[in-house]
Amino acid sequence: MHNRRGQLKKQLAVITQSSNVPTIGGVKTQIQIAMRHLDTCVTSRPLLILTQLAAAAALAACGGGGGGDSNLATAKFQTLDGTMPLVIGHRGLPGLYPEETQPSYEGAADAGADSLEEDLHLTKDCVLVARHNPWLSDNTNIATVALTNATVAARKRTVPGTLVNVSYSLATYGGPAQYLTDLTDPNDPKSVLKSLVVDGEDHTGDWSITDFTVAELKQWIGGTTYDARDQRPTALNGKYPILTMQEIIDIAKAKSAASGRTISIYPESKNPYWNNAQAIANGCGTGKHPFEDAIIKLIKDNNLNSKSAPIYVQSFDPASLKYMRSAGLNTKMVQLVDGNDVNYKTGEMIYQTNDVYNFVDGRPYSWTVAGDGRYFGAMLTPAGLAEVKTYADGIGPWKPQVMALTISPFKATNVDGTPYTGSLADVNTVTPTSLIADAHKAGLFVHSYTFRNEQKYLAGIYKGDPTAEFLTFFRAGIDGVFTDFANTGVAARAAYIKEARQ
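Each residue of the sequence shown is one higher than the one before, starting from 70 at the first, in the numbering used here.
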């Protein structure tokens, strides 16, 4: 192990000293950062990451570092506007650092990411902060902190939510007859501060980000890894505080100035129905949309309120995007699209589920509350895309909505006789759906999520090679990719650019 580390450090040192490797894409900086952590690593995983960074550097030397690229002049891209696809740092660079922390965003920028993505929530004192989920045990060290901090421990929400009847036709749309709400007392808007039910999803027994001021979050709580936490570096978990949205904007501006590239931000209006109810109960602003109003204000305060500004505003909930557009938000906007599962026999999306406590991925929560029983799939029809175009500039679909995943031949049963449903690891056929072409025809760009390096997130046909997955989407004309590994995405794009100029 030590010999491998020593050899790799020598090789990386040679790369960073080479005048042929551009600093514009941040590859040198990213390698230097990773090298500083190499001696403290206790697993072989960082060696793989460093090897990938070295590959990215080699490709960057040929024009793939995210900066000026002589290959671009002759490359032919199938994107909506004919430019190269974007690499979006999903929560920064969480494949290497605790997600949505300073090193994660700086690392993504240094690796050559074009945009920094973040999930927004409002704190108890009405400040926009970045965290993937508003229940904090998933992606912070709060459970550990609570063991020795009685104040934090006491803020765990333990009151169960309340089931209410759906108001759409079960005969038409199916699914559970009830959904869960945190409005335990319909006559008391502040009762939403007692339960932790987020858009119908039950998280009783966890901590809510809306019960802490931004100062408390920074004083007590640190960010951690989340996805594939058992396979990603953990040495920095809990060491870096939660960031405000303003701090992320400042990182993007600083990295843009230092690199000579324009690095955009990609904030998500996350769980807007829930965030608005929490914000109203906490006294954040007036009206029905204090959460979106805070987003709009911050964007305007930073002179980013235009189509040409380096910002994309995204949400899974069309009601949130439509409100912000009507309230004067002029940025590029992206309608995210979710699903519940995949039918690996047909490749079709599965939107309906009968789990009353966790069926919210099938449709926007505002639709559930309003009695609209349609599923997300309705957005992806030609008529649905035309509707999206009236308020948004692009869509952000789940990968299986862009590439149909199938298993052929498809077995009837498992060895033990139980029904065979298949798994991602068994997928041996990947076929483009019509979504990219349909979206482009409607004038919408397509940014798909989420690209990860770990084998468990890759269809079996890719044989554990994340670059193969990136290339499949690039070749199909995808306009952008959300990835936990911006370094891998940038390197894969460089390979695609070379291919596209042939």
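Ideal Cβ placement from N, Cα and C applies to all residues, glycine included.
Just so you know, these numbers come straight off a predicted model, no measurement behind them.
Less than 6 Å between C-beta atoms, sequence neighbours within five positions excluded: which residues of the same chain meet that for leucine 493?
Same-chain partners within the cutoff: Ala528.
Could you give the residue range of the alpha helix (DSSP H) that holds leucine 346?
Note that residue 346 is alanine in the sequence shown here, rather than leucine. Unbroken alpha helix (DSSP H) run through alanine 346: 341-350.
Secondary structure at threonine 437, three-state DSSP: helix, strand or coil?
Three-state DSSP puts threonine 437 in a helix.
Does the distance from the CB of isoleucine 505 to the CB of glycine 446 come in under 9 Å?
It is not a contact, given that the beta carbons lie outside the stated cut-off.
Taking 8 Å as the cut-off, does the region 364-377 touch the region 484-492 (at least 3 CB pairs, one atom from each stretch)?
Counting Cβ pairs under 8 Å, fewer than three are found: no touch.
Anyone know if the C-beta pair for alanine 511 and leucine 474 falls short of 9 Å?
Taking 9 Å as the cut-off, the beta carbon of alanine 511 is found no closer than this to the beta carbon of leucine 474.
Need the endpoints of the beta strand (DSSP E) that serine 184 sits in, please.
Start and end: 184-191.
Buried or exposed for lysine 401, going by 16 or more other Cβ atoms inside 10 Å?
Looking at its Cβ environment, which holds 16 or more other Cβ atoms inside 10 Å, lysine 401 is buried.
Of the residues Ser173, Ala223, Ala564, which one's Cα is nearest the Cα of proline 310?
The shortest CA-to-CA distance from proline 310 to any of Ser173, Ala223, Ala564 is the one to Ser173.
Quick check: methionine 200 and aspartate 553, are their CB atoms within less than 9 Å of each other?
Note on identity: in this sequence residue 200 is arginine, with methionine being the wrong assignment. Their beta carbons are not under 9 Å apart, which means arginine 200 does not touch aspartate 553 by this criterion.
Any idea which residues DSSP pairs asparagine 234 with across the strands?
Answer is Gln247, bridged to asparagine 234.
Could you give the uninterrupted runs of the alpha helix (DSSP H) lying entirely in the region 420-490, keeping only those of 4 residues or more?
If we require 4 residues or more, the alpha helix (DSSP H) runs fully inside the region 420-490 come out as 434-439, 451-458, 468-471.
Have a look at the DSSP bridge pairing and note the partners of valine 283.
For valine 283, which the question treats as bridged, DSSP gives no partner whatsoever.
If you draw a straight line from the C-alpha of lysine 225 to the C-alpha of arginine 301, how long is it?
Between lysine 225 and arginine 301, the C-alpha separation is close to 28 Å.
Suppose you measure from the CA of glutamine 99 to the CA of serine 328; what does that come to, to the nearest Å?
Bear in mind that the predicted position of glutamine 99 carries a pLDDT of just 47, short of 50, making it too unreliable to give a figure here.
Let me know if serine 395 comes out buried or exposed under the rule of 16 or more other beta-carbons within 10 Å of its beta-carbon.
Serine 395 counts as exposed, since fewer than 16 other beta carbons sit within 10 angstroms of its beta carbon.
At a cut-off of 8 Å, would you count arginine 521 as near the ligand NAD, judging by its Cβ distance to the nearest heavy atom?
By its list of ligands, the structure shown contains no ligand whatsoever, and the ligand NAD lies outside what it can speak to.
Would you mind working out which of Asp150, Gly243, Arg330 sits nearest glycine 440, comparing C-alpha positions?
The option with the nearest alpha carbon to glycine 440 is Gly243.
Between which residues of its own chain and leucine 286 is the CB-CB distance below 6 Å, once the five residues before and five after are set aside?
Beyond the five residues adjoining it in sequence on each side, leucine 286 comes within less than 6 Å, by CB distance, of Ile311 in the same chain, given in chain order.
In this structure, how does DSSP classify threonine 170 when only helix, strand and coil are distinguished?
In the structure shown, threonine 170 falls within a coil segment according to DSSP collapsed to helix, strand and coil.
Length at least 4, wholly inside the region 248-318: the alpha helix (DSSP H) runs in chain order
Runs of the alpha helix (DSSP H) inside the region 248-318: 283-289.
Which residues DSSP lists as bridging proline 336, in chain order:
Beta bridge pairing from DSSP links proline 336 with Glu187.
Flag this pair as yes or no: are the beta carbons of serine 338 and isoleucine 364 separated by less than 9 Å?
Going by beta carbons, serine 338 and isoleucine 364 fall inside the 9 Å limit.
Backbone CA spacing between glycine 158 and glycine 176 [nearest angstrom]
Taking the Cα positions, glycine 158 is about 9 Å away from glycine 176.
Which residue comes first and which comes last in the alpha helix (DSSP H) that contains proline 387?
Per DSSP, proline 387 belongs to the alpha helix (DSSP H) from 387-395.
With distance defined between alpha-carbon atoms, name the residue in Gly442, Asp183, Ala178 nearest to histidine 516.
Relative to histidine 516, the option among Gly442, Asp183, Ala178 whose CA is nearest is Asp183.
Going by DSSP, which residues form a beta bridge with phenylalanine 543?
The partner list for phenylalanine 543 (beta bridge, DSSP) is empty, contrary to what the question assumes.
To the nearest angstrom, how far is it from the Cα of lysine 525 to the Cα of aspartate 257?
Those two C-alpha atoms are separated by around 44 Å.
Could you check if lysine 193 is buried or exposed, using at least 16 other CB atoms within 10 Å of its CB as the buried criterion?
By the neighbour-count definition (other C-beta atoms within 10 Å, threshold 16), lysine 193 is a buried residue.
Taking only three categories from DSSP, how would you classify serine 325?
If DSSP states are grouped into helix, strand and coil, serine 325 belongs with the helices.
Outcome for alanine 144 when other beta-carbon atoms lying within 10 angstroms are tallied against a minimum of 16:
Here alanine 144 is buried. Its C-beta has 16 or more other C-beta atoms within 10 Å.
Just checking my contact of threonine 33 with serine 264 at CB under 8 Å: how many whole Å lie between their CB atoms?
Since the first residue shown for the chain is 70 and the last is 571, residue 33 is missing from the structure and cannot be characterised.
8 Å CB neighbourhood of aspartate 362 in its chain, flanking five on each side removed:
Closer than 8 Å at Cβ, skipping near neighbours: Gly354, Gly356, Ala396.
Considering only the beta carbon of each residue, do glycine 442 and glutamine 404 sit closer than 9 Å?
The answer is no: Cβ separation not under 9 Å.
Rank Glu456, Thr498, Asn556, Thr253 by C-alpha distance to the C-alpha of lysine 532 and give the top, closest one.
Comparing Cα-Cα distances from lysine 532 to each of Glu456, Thr498, Asn556, Thr253, the minimum goes to Thr498.
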